[in-house]
Amino acid sequence: MLVLALDTATPAVTAALHDGARVLAESTTVDARRHGELLAPAVERVLRECDASLRDVTAVVAGAGPGPYTGLRVGLMTASALAATVGVHAYGICTLDAIAFASGRTEPFLVATDARRKEVFWARYGDARTRLDGPRVDRPHDLPGELPVIGAGARIYAETIGPDRVADPEYPSAGALAALAAEHLAGLTPERAAELARVPDGRIDSVEQAIELAVLGPARPIYLRRPDAQIPGAPKKVTA
Amino acid sequence: MSGRDEPIVLGIETSCDETGIGLVRGHTLLANTIASSMEEHARFGGVVPEVASRAHLEAMAPTVESALAKAGLRFSDIDAVAVTAGPGLAGALLVGVAAAKAYSLGLGVPLYGVNHLAAHVAVDQLEHGPLPKPSIALLVSGGHSSLLLVPDVAQDVISLGSTVDDAAGEAFDKVARVLGLPFPGGPHIDRSATSGSGTAIAFPRGKYDDGTFDFSFSGLKTAVARWVEARTAAGETIPVADVAASFQEAVVDVLTRKALQACRRYDVKDLLIGGGVAANSRLRALAQERCDAAGVRLRVPRPGLCTDNGAMVAALGSELIAAGIQPSTLDIPADSSLPITTVNV
Ligand SMILES: [Zn+2]
Chain A
1 MLVLALDTAT PAVTAALHDG ARVLAESTTV DARRHGELLA PAVERVLREC
51 DASLRDVTAV VAGAGPGPYT GLRVGLMTAS ALAATVGVHA YGICTLDAIA
101 FASGRTEPFL VATDARRKEV FWARYGDART RLDGPRVDRP HDLPGELPVI
151 GAGARIYAET IGPDRVADPE YPSAGALAAL AAEHLAGLTP ERAAELARVP
201 DGRIDSVEQA IELAVLGPAR PIYLRRPDAQ IPGAPKKVTA
Chain B
1 MSGRDEPIVL GIETSCDETG IGLVRGHTLL ANTIASSMEE HARFGGVVPE
51 VASRAHLEAM APTVESALAK AGLRFSDIDA VAVTAGPGLA GALLVGVAAA
101 KAYSLGLGVP LYGVNHLAAH VAVDQLEHGP LPKPSIALLV SGGHSSLLLV
151 PDVAQDVISL GSTVDDAAGE AFDKVARVLG LPFPGGPHID RSATSGSGTA
201 IAFPRGKYDD GTFDFSFSGL KTAVARWVEA RTAAGETIPV ADVAASFQEA
251 VVDVLTRKAL QACRRYDVKD LLIGGGVAAN SRLRALAQER CDAAGVRLRV
301 PRPGLCTDNG AMVAALGSEL IAAGIQPSTL DIPADSSLPI TTVNV
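As given, the protein sequences belong to chains A and B, one line each in that order.
Going by the UniProt record's numbering, the letters in the first sequence line up with residues 1 to 240, in that order.
Going by the UniProt record's numbering, the letters in the second sequence line up with residues 1 to 345, in that order.
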């Protein structure tokens, strides 16, 4: 097994290779505005670092968000196009699940990332592998109280949620994403693997659909917000 | 290089609402497949960037697959990938650029990030053969109105002028709305105008004799709205066909007049018209008439190659390869305001 994982759902642009037992190489660059420029070179770099070829990759996994959409799409588009050229499946994993997994926590906690517009994307976990609620998008002061909060959203809104609740990690790591994917891919029948990767019609843009997501699913984005657009009324008069 | 030895180029276009995938070999078109999100934008009366970006991500893989199937090719047959790097909607461009980089990396073939406007020029070679050097190009669409001097589409494109306010296609959309015609306005105005008179109403022609090659359509758009409002306020019926025809005449009069002035000024005998508005029947007719009178040869690609498409991007990629231009690196940005003087990035 050789899993190529990448995530662009947060300011961190991250790529990693995992052989089913361990992370072979990983690259992380934090730059919220240059996902499109940084990702492909990062993929090239991790491949070169472990002397691997894309031909050796058996699955491609991308963080499916939720996250700022412009950057998020770079990762998912890259994963799906790379997978197509190699002839393997592309999968998506909720980015918050990957952050949760990386924490290794055994007690309940929240993951929160920056959703911009003074909101956070968040989810509640029973432990590192178990999402209980979310992903959702809300204002930081609407987060459920008391539980520790990991992810960059915790740091940005430390004042609101209480500084003592802030915990690591701050960003997702592609290594953790790959490890989580490897765990789920191990032992899948080819039929089940294909079924999980199949992209259904339509977009995930309701909270209900997003919450129902399996950990490993198709490489498509979790949006949680509808596009900002107004249906216009009658044309404005130009004469007073 | 010629015939079967020429490289097969995959072209990707996502600068606006069309996910365009083209496959060309040299000057031969192999496939030109388009998925449009226009229907989703129609109720908003214009292209909504986030809606377009979402649609590009969904449409990319199926559109590439269907282009390959149409051409009878496999991924492994692709020798190079070309993509629109700008200008256009930033988020929309980014989806196409990410896809192109991944295809390039995954297939181990060179990447060419290209200028959307230059691609509109290069595409005509798929239909009418090599472009005379130099040519004048008039590019008119909902997103751009530009007059270009093109010594060599692969490496030297000079901007003579462009719109100072609305793009020509945008003016069509806005006037259509005033007249109660659906979005996008171009085809509806064109159709309605066939039963009207282009000389019924004397609408203003912005920058008509200002000695530049720039355009302005905002004043015209406002004049039409004002004219319609005045008649409506007086309880009169609006002669939609006459308004459409007279508005259209004002637009194409300025466009063709300036294009031919440019031909004369630079002593160029070949004029190319591209972009979505090039599908306008009156623009084609008047351009032909004026070119004939001036001894200028007119080239207009068929409508499917005029509107945004992937074949035009592949066609320019093909030109760049033939000219021995260096490929792009994997860290190129999508540049929403890429200047026309930058043919490739
Ligand atoms: Zn265009």
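Think of the CB as a built atom: it goes at the ideal place given N, C-alpha and C, for glycine as much as any other residue.
All values derive from a computational prediction rather than experimental measurement.
- [ ] Could you spell out the range, first to last residue, of the alpha helix (DSSP H) harbouring S80 (chain A)?
- [x] Counting along the chain, S80 (chain A) sits inside the alpha helix (DSSP H) bounded by residues Y69 to V86.
Task: Unbroken stretches of the alpha helix (DSSP H), 4 residues or longer, contained in the region 111-185 of chain B - done: 116-122, 124-128 and 168-178
Open item on the list: Excluding the 5 residues flanking T14 (chain B) on each side, which residues of the same chain have their C-beta closer than 7 Å to its C-beta?
Closed with: H56, T84, A92, L93, V95 and G96
Open item on the list: Strictly below 7 Å CB to CB, what residues from chain A border V296 (chain B)?
Closed with: Neighbours of V296 (chain B) on chain A: none; closest Cβ ~37 Å, over 7 Å.
Task: Limits of the unbroken alpha helix (DSSP H) element including S336 (chain B) - done: That residue, S336 (chain B), is in no alpha helix (DSSP H); it is neither H nor E in DSSP.
Task: R136 (chain A): first and last residue of the uninterrupted beta strand (DSSP E) it sits in - done: T130 to D138
Task: Pair within 7 Å by beta-carbon distance, A171 (chain B) and K133 (chain B) - done: no
- [ ] Run the CB neighbour count on P204 (chain B), radius 10 Å, all protein chains shown included, and call it buried at 16 or more, exposed below.
- [x] With fewer than 16 Cβ atoms within 10 Å of its Cβ, P204 (chain B) is classed as exposed.
Open item on the list: Just to make sure I have the definition right: I need the residues of chain B whose C-beta is within less than 7 Å of the C-beta of A154 (chain A). Which are they?
Closed with: The premise fails here: A154 (chain A) is roughly 27 Å from chain B at the closest Cβ pair, so nothing lies under 7 Å.
- [ ] Confirm the yes/no value for this check: CB of D308 (chain B), any heavy atom of ligand 1, distance under 6 Å.
- [x] Flag set: Cβ of D308 (chain B) near ligand 1.
TODO: Output yes if chain A places a C-beta closer than 7 Å to the C-beta of S226 (chain B); else output no.
DONE: Checking the displayed sequence, the identity of residue 226 (chain B) turns out to be Arg instead of Ser. Chain A contact via Cβ: present.
Open item on the list: For A31 (chain B), report the span of its beta strand (DSSP E) as first-last.
Closed with: T28 to S36
Open item on the list: Taking 6 Å as the cut-off, is the C-beta of S141 (chain B) nearer than that to any heavy atom in ligand 1?
Closed with: yes
Task: Partner residues on chain B for residue 262 (chain A), Cβ-Cβ distance less than 7 Å - done: Any property of residue 262 (chain A) remains undetermined from this structure, which presents chain A solely from 1 to 240.
- [ ] From the DSSP output, read off the bridge partner residues of N280 (chain B).
- [x] In DSSP, N280 (chain B) forms no bridge with anything.
TODO: Determine the direct distance from the alpha carbon of V109 (chain B) to that of I78 (chain B), and round the result to whole angstroms.
DONE: 8 Å
Task: Beta bridge counterpart(s) of R124 (chain A) as assigned by DSSP - done: A:L110 and A:D133
Task: Rounded C-alpha distance that separates P151 (chain B) from S135 (chain B) - done: 6 Å
Task: One or two residues paired with H89 (chain A) in a DSSP bridge - done: A:A59
Task: 7 Å Cβ cutoff, K207 (chain B) in contact with chain A - done: Chain A, which has no Cβ nearer than 7 Å to the Cβ of K207 (chain B), makes this no.
Open item on the list: Cβ closer than 9 Å: which chain B residues qualify as neighbours of P66 (chain A)?
Closed with: Those within 9 Å of P66 (chain A) in chain B number zero; the least Cβ separation is about 14 Å.
Open item on the list: Strictly under 7 Å for the Cβ-Cβ distance: is T28 (chain A) near chain B by that measure?
Closed with: By the rule that beta-carbons nearer than 7 Å mark a contact, T28 (chain A) does not touch chain B.
- [ ] Provide the residue(s) that pair with V199 (chain A) in DSSP beta bridges, ordered along the chain.
- [x] For V199 (chain A), which the question treats as bridged, DSSP gives no partner whatsoever.
Task: Beta-carbon separation (whole angstroms), D165 (chain B) vs S216 (chain B), contact threshold 8 Å - done: 5 Å
- [ ] Determine which residues share a DSSP beta bridge with L272 (chain B) and list them.
- [x] B:A137 and B:R299
Open item on the list: Between B:E39, B:A322, B:L272 and B:K174, which has its C-alpha nearest A52 (chain B)'s C-alpha?
Closed with: B:E39
Task: chain B within 7 Å of E37 (chain A), Cβ atoms only - done: Cβ-Cβ to chain B under 7 Å: yes for E37 (chain A).
TODO: Measure from the alpha carbon of G87 (chain A) to the alpha carbon of each residue in A:G175, A:P108 and A:T58, then state which is nearest.
DONE: A:T58
Open item on the list: I'd like the list of long-range same chain contacts for L286 (chain B), defined as Cβ closer than 6 Å, with 5 residues on each side in sequence excluded.
Closed with: Excluding residues within five positions, the ones whose Cβ falls inside 6 Å are V252 and T256.
Open item on the list: Could you check whether the region 68-75 of chain A touches the region 22-37 of chain A, counting it as contact only if at least three pairs of C-beta atoms, one from each stretch, sit closer than 8 Å?
Closed with: Segments in contact, yes.
Task: Extent of the continuous alpha helix (DSSP H) to which T256 (chain B) belongs - done: V240 to R265
Task: Cβ pair I321 (chain B), S159 (chain B) closer than 7 Å - done: Note that the C-beta distance between I321 (chain B) and S159 (chain B) is not below 7 Å.
Task: Where E146 (chain A) sits in the DSSP three-state scheme - done: coil
Task: Test item: CB-CB of L15 (chain A) and V60 (chain A) under 7 Å - done: Rather than Leu, the amino acid found at residue 15 (chain A) in this sequence is Ala. Against a cut-off of 7 Å, the Cβ pair of V60 (chain A) and A15 (chain A) comes out as no contact.
TODO: Let me know if Q326 (chain B) comes out buried or exposed under the rule of 16 or more other beta-carbons within 10 Å of its beta-carbon.
DONE: Classification of Q326 (chain B): exposed, given that the 10 Å Cβ count is below 16.
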